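> Numbering (our numbering), first residue to last: 42 to 323. For each residue, glycine too, the CB sits at the ideal point set by N, CA and C. All values reported here derive from a predicted model rather than from experimental measurement. I have a structure here, written as structure tokens, and I will follow up with some questions on it.
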């Protein structure tokens with residue numbers, strides 16, 4: 042299988058700050074902005090998905106995953122990824138064999154060294170991707186489940202809108218959105234319809250442990266996990282006495298000891314019980 046070239050092709054950079062959102066019919070001001078970043082290889086999008094097979098447009102498969110639901114500190118990160126057509130599918134069918142992403146699977150099954158090596162490769166070879174950072178203040182505002190669902194929704198919508206702006210007749214092609222987990226976010230069908238994506242052509246599927254099943258979800262899992270780890274290392278540099286590089290915000294004994302001794306940080310999730318109790322005891 043030939044590797045899609047990533048050199049000398051037009052790149053659309055995506056950098057969005059979202060301060061207000063519609064959640065279940067209620068328009069709310071977020072406690073802190075959500076940052077979305079990513080890119081779209083527009084020429085690769087056309088070469089991979091612009092053609093037709095037997096008169097039918099190739100379907101698009103977008104994988105979505107998250108990292109950081111359990112920690113007491115920092116953002117929950119969500120990513121959406123669109124891989125080249127020949128690289129998309131079930132991992133067990135080995136569509137990534139003989140590609141730069143051949144070792145890609147669920148990020149939790151890979152060492153940090155392998156994840157770090159894959160991170161720039163996924164960014165380089167994905168046709169498009171989006172990463173969202175949902176800060177602790179928003180998690181506290183709407184709860185961790187809703188924050189994660191919101192991140193999945195925003196990543197998916199932003200990537201689909203970017204694709205729709207650069208792919209001919211996107212409304213006539215089937216789009217699969219594959220979510221890691223047991224539920225799909227409520228996508229804004231009105232917003233997508235304005236972009237030319239008909240709701241009837243969009244199929245959102247929830248896959249439990251999907252990051253070990255689908256290449257596109259596995260790619261998203263790498264983006265979400267490594268981007269969150271990077272944010273944790275930045276916090277560690279800012280607050281070295283908390284040992285964040287080791288526990289990455291999870292409720293380890295060392296983390297809780299640091300909180301008890303040094304106090305709660307602005308980046309801690311105040312709605313989570315251990316942090317709430319620590320605040321009450323101050």
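#1: On the DSSP bridge list, what partners appear for residue 184?
#2: Taking a contact to mean a Cβ-Cβ separation below 8 Å, would you say residue 115 touches residue 177 in this structure?
#3: Taking contact to mean at least 3 C-beta pairs separated by less than 8 Å, is the segment 149-169 in contact with the segment 274-284?
#4: Smallest Cα separation from residue 83: which of 142, 201, 141, 146?
#5: Can you give the Cα-Cα distance for residue 244 and residue 139, rounded to whole angstroms?
#6: Would you mind stating whether residue 137 and residue 145 have Cβ atoms separated by less than 8 Å?
#7: Whole angstroms is fine: what's the gap from residue 179's alpha carbon to residue 58's?
#8: Specify, as a first and last residue, the run of the alpha helix (DSSP H) that residue 320 falls within.
#9: Do residue 119 and residue 265 have their C-beta atoms closer together than 8 Å?
#10: Checking 8 Å against the spacing of the C-beta atoms, do residue 61 and residue 71 come in under that value?
#11: Three or more C-beta pairs under 8 Å: does that hold for the segment 240-260 against the segment 104-112?
#12: Secondary structure at residue 123, three-state DSSP: helix, strand or coil?
#13: Which same chain residues end up closer than 7 Å to residue 199 when comparing Cβ atoms and leaving out the 5 residues on each side of it in sequence?
#14: Starting from the N-terminal side, write out each stretch of the beta strand (DSSP E) that is 3 residues or longer and does not extend beyond the segment 72-141.
Short version:
#1: The residue given as residue 184 occupies position 143 in the chain shown. Bridge pairing for residue 184: absent [DSSP].
#2: Working through the chain shown from its first residue, we reach residue 115 at position 74. Working through the chain shown from its first residue, we reach residue 177 at position 136. Residue 177 is positioned such that its CB atom lies closer than 8 Å to that of residue 115.
#3: No, the segment 149-169 does not touch the segment 274-284.
#4: For this step, residue 83 is matched to residue 42 along the chain shown. Ranking the options by Cα distance to residue 83, first place goes to 201.
#5: The residue given as residue 244 occupies position 203 in the chain shown. The residue given as residue 139 occupies position 98 in the chain shown. A direct Cα-to-Cα measurement between residue 244 and residue 139 gives close to 30 Å.
#6: In the chain shown, counting from the first residue as 1, residue 137 sits at position 96. In the chain shown, counting from the first residue as 1, residue 145 sits at position 104. A contact, by the Cβ cut-off of 8 Å.
#7: Residue mapping note: residue 179 aligns to position 138 of the chain shown, counting from 1. Residue mapping note: residue 58 aligns to position 17 of the chain shown, counting from 1. Whole-angstrom Cα-Cα distance: 13 Å.
#8: For the purposes of this step, residue 320 is identified with residue 279 of the chain shown, where counting begins at 1. Note, residue 320: alpha helix (DSSP H), 314-322.
#9: Numbered from 1 along the chain shown, position 78 holds the residue referred to as residue 119. Numbered from 1 along the chain shown, position 224 holds the residue referred to as residue 265. A Cβ-Cβ contact shorter than 8 Å links residue 119 with residue 265.
#10: Position 20 of the chain shown, counting from 1, holds the residue named residue 61. Position 30 of the chain shown, counting from 1, holds the residue named residue 71. For residue 61 and residue 71, yes; Cβs fall inside 8 Å.
#11: In short, these stretches touch, since the Cβ pair count reaches three.
#12: Taking the chain shown and counting its residues from 1, one reaches residue 123 at position 82. If DSSP states are grouped into helix, strand and coil, residue 123 belongs with the strands.
#13: Locating residue 199 in the chain shown gives position 158, where the first residue counts as 1. Result list for residue 199: 55, 57, 77, 171, in chain order.
#14: Those beta strand (DSSP E) runs which fall completely within the segment 72-141 and span 3+ residues are 101-108, 117-123.
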